Amino acid sequence: MLETVLFACFALAAIAGAVWVILGKNATWSALGLLVNFCALGALYILLNAPYVALTQFIVYAGAIVVMFLFVVMLLGVERGEGQDRRYFQRYAGIGLAFLLFLGVLYFGLQALVPDAPLKSGDTVRLLAGTLFTGYLLPLEMAGVLLLIGMIAVVVLAKKKREEVQ
Amino acid sequence: MLTSLHYFILSGILFTIGAVGVLVRRNEIVMFMCVEMMLNAANLSLIAFSRYLNSVDGQMLVLLVMAVAAAEVVVGLAILVALYRLRPTVDVDDMNELKG
């Protein structure tokens, strides 16, 4: 019973955060909505018995990624809103297409799912650590290499050309 | 009784809201945030399935998705900054130079 109430609260918070992102007048407000959405999803991960992933969600998404978005918003100085939409049909076409996408996702997802199966519980952190360093060792190393490549790419992209500096 | 069906429907709703944001908003930073929300919605369904199947493979996938998403955000925001230096606008409708 408590779990259902908590799920309802955090699900509503996640949806409210997501709507806040797309309705936000400027990018700073959208970043705050994104923070609400990420935190609510982290709480849902705890409800789903995945505490390690929840912690990673709080640190990586709610911490690092939102801060990086805010940093870029401040750096570009784009606190003003976007200009008037030039094609009005775009908005309605977008909403209609997204609704069709929702129906498609539900249709194909529900075919894969046996409904009304109760959720199981158990200690997952120990199991996760064991799996991470045995079966998934190669993907783990590749993720590390990918992050290194990302860092190098950022330095290359953000660096000014030599003639611009002089 | 709470089942994985609820989590799955919530994940679909969040994914759809993210898709609406990408299609409707014209501010490139907000569009990028909406892509992140769609990634998170997919992560939620992976975790829900992981618990439903009583296996940690879904959680492993989510951890790897987070690493890829972090790299993606870093490179994407660097591209946005480089693009802004080239042409000071954040409206994607103004970026139409490849139209020929």
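Keeping their order, the protein sequence lines are chains A and B.
Heads up, the first sequence is in the numbering used here, so the first residue is 1 and it goes up one at a time.
Heads up, the second sequence is in the numbering used here, so the first residue is 1001 and it goes up one at a time.
Think of the CB as a built atom: it goes at the ideal place given N, C-alpha and C, for glycine as much as any other residue.
Model, not experiment: these values are computed from the prediction.
Shown here, A:T124 sits in coil according to DSSP, grouped into three states, outside any helix or strand. Between A:L35 and A:V60, the gap from beta carbon to beta carbon reaches 8 Å or more. With a cutoff of 8 Å on beta-carbon distance, B:V1075 and A:A158 are scored as not near each other. Here B:N1027 is bridged, per DSSP, to B:D1091. Inter-residue distance for A:T4 and B:M1001 is about 7 Å (C-alpha atoms, whole angstroms). Rounded to the nearest whole angstrom, the C-alpha separation of A:L41 and A:Y92 is 28 Å. Within the same chain, and ignoring the five residues on either side of A:A50 in sequence, the residues whose Cβ sits closer than 7 Å to its Cβ are T124. Rounded to the nearest whole angstrom, the C-alpha separation of B:T1003 and A:L12 is 17 Å.
Contact with chain B is found for A:G150, since one of that chain's Cβ atoms lies less than 8 Å from the residue's Cβ.
Counting along the chain, A:N37 sits inside the alpha helix (DSSP H) bounded by residues A27 to L47. Looking at the backbone, the Cα of A:I149 and that of B:L1077 are separated by about 15 Å. For A:I95, the C-beta contacts it makes with chain B under 8 Å involve V1020, L1023 and V1024, in order along the chain. At least 8 Å separates the CB of B:A1042 from every CB of chain A.
When rounded, the separation of the alpha-carbon atoms in B:H1006 and A:F58 is 22 Å.
At least one beta carbon of chain B lies nearer than 8 Å to the beta carbon of A:E3. Only V1075, L1077, A1078, I1079, L1080, V1081, A1082, Y1084, V1090, D1091 and D1093 from the segment 1075-1098 of chain B bring a Cβ to less than 7 Å from some Cβ of chain A.
In this structure A:L101 touches B:T1016 by the C-beta definition: roughly 6 Å separates them, less than 8 Å. Taking the Cβ atoms as the reference, B:I1079 lies roughly 11 Å from A:V72, outside the contact range of under 8 Å.
Residue burial annotation: A:Y107 is exposed, with fewer than 16 other C-beta atoms found within 10 angstroms of its C-beta.
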